[in-house]
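What follows is a short report on a single structure.
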Amino acid sequence: MHMERRFESEDSTNNYSVNNVFDKLHSEIMEFRESVKSIMGEMHLIKTQIIEKITEVIKTNMPFSNVEVYGSHATQLCLHWSDIDLVLVPPSGSDSPDNWTSPLYTVFNLLNHDDKKSWISSCQFIESANVPVIKLKCSFFESFYQQLIKSGAPVNLQYMELLRKPINIDITLMTDHHNGLECVNLIKEYLAENELIEPMILVVKHMLKVWGYNDPYRGGLSSYALFLMIVSFLQARKFPNVIAEANLGKALLGFMEYYYNFD
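Residue numbers (our numbering): 220 to 482.
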């Protein structure tokens, strides 16, 4: 029995209706979406500066390489705790299978040098992962805050506690096996076609984070896998693709029921 029919079959003495439940949930999802946008808007500048500093370190020493952003920060489907995913695009011919990790070794040594920058609090190179990755923790708030003070611009930060937290950066190498940038283009196409995807994925990603199921290395779901699940559900159930014509409460509960009963 579908979720909405189960609600509708409840005793009529209940002081709420199924539509009230769906409408309330719809409103809360929209409020959550707006709060995420507000937080990310305030964090945008500090995250942009961190990306620029990492890019500067790499390109100063590897001038023919490029650094690109992919993942949730490229698609704007990120929350304040989301990692920033960077991919190193080496010069043509330097990413052959025989030396495909060597550019990452170079970047790791640059970032983990003895005179390591104070804004990098941790730097690890995990070569044993399916996709070798450099994992950084960056603490850049104090420097960022001092820049704001010196600039003389009004300082009205609502989310100081979040801004003070370390920001996680993952750096991988572009190879024939790396499809991160291609996935960004695909996700943007779907987002342009369906307005329901963005608020739904933000809410479910946060729920998975709270429950500890957002790490694919520990048996959880990756953001891309979750994105595909939501798209598949919306297509199968033929929900409207415009928020003004849909109910996100009904969509979210339907999504959970759909995969609970998935065969």
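Glycine included, C-beta positions come from ideal geometry on N, C-alpha and C. A quick note: this is a predicted structure, and the numbers were derived from the prediction, not measured.
- Considering only H263, R437, E287, the residue with the shortest C-alpha distance to E401 is E287.
- Runs of the alpha helix (DSSP H) lying entirely within the segment 274-318, each at least 4 residues long, are 291-294 in chain order.
- Cβ-Cβ separation between I420 and L296: approximately 6 Å, consistent with a contact (criterion under 8 Å).
- Contact between F458 and A470 holds, with the beta-carbon distance rounding to 6 Å and staying under 8 Å.
- Our two residues, E417 and L410, have alpha carbons roughly 7 Å apart in a direct line.
- In the displayed model, S340 falls within a strand according to three-state DSSP.
- F344 and L382 have their alpha carbons spaced roughly 25 Å apart.
- A direct Cα-to-Cα measurement between K243 and E250 gives close to 11 Å.
- By the C-beta density criterion, H292 is buried, having at least 16 other C-beta atoms within 10 angstroms.
- At the C-beta level, S321 and S340 stay beyond 8 Å of one another.
- When DSSP states are grouped into helix, strand and coil, V461 belongs to the coil group.
- Within the segment 392-470, the runs of alpha helix (DSSP H) that reach at least 4 residues and sit entirely inside it are, in chain order, 399-412, 416-430, 442-456.
- In the assembly as shown, S301 is a buried residue. Its beta-carbon has 16 or more other beta-carbons within 10 Å.
- Between the C-alpha atoms of Y477 and F452 there is a straight-line separation of about 7 Å.
- Under the DSSP assignment, L376 falls outside any alpha helix (DSSP H); it carries neither an H nor an E label.
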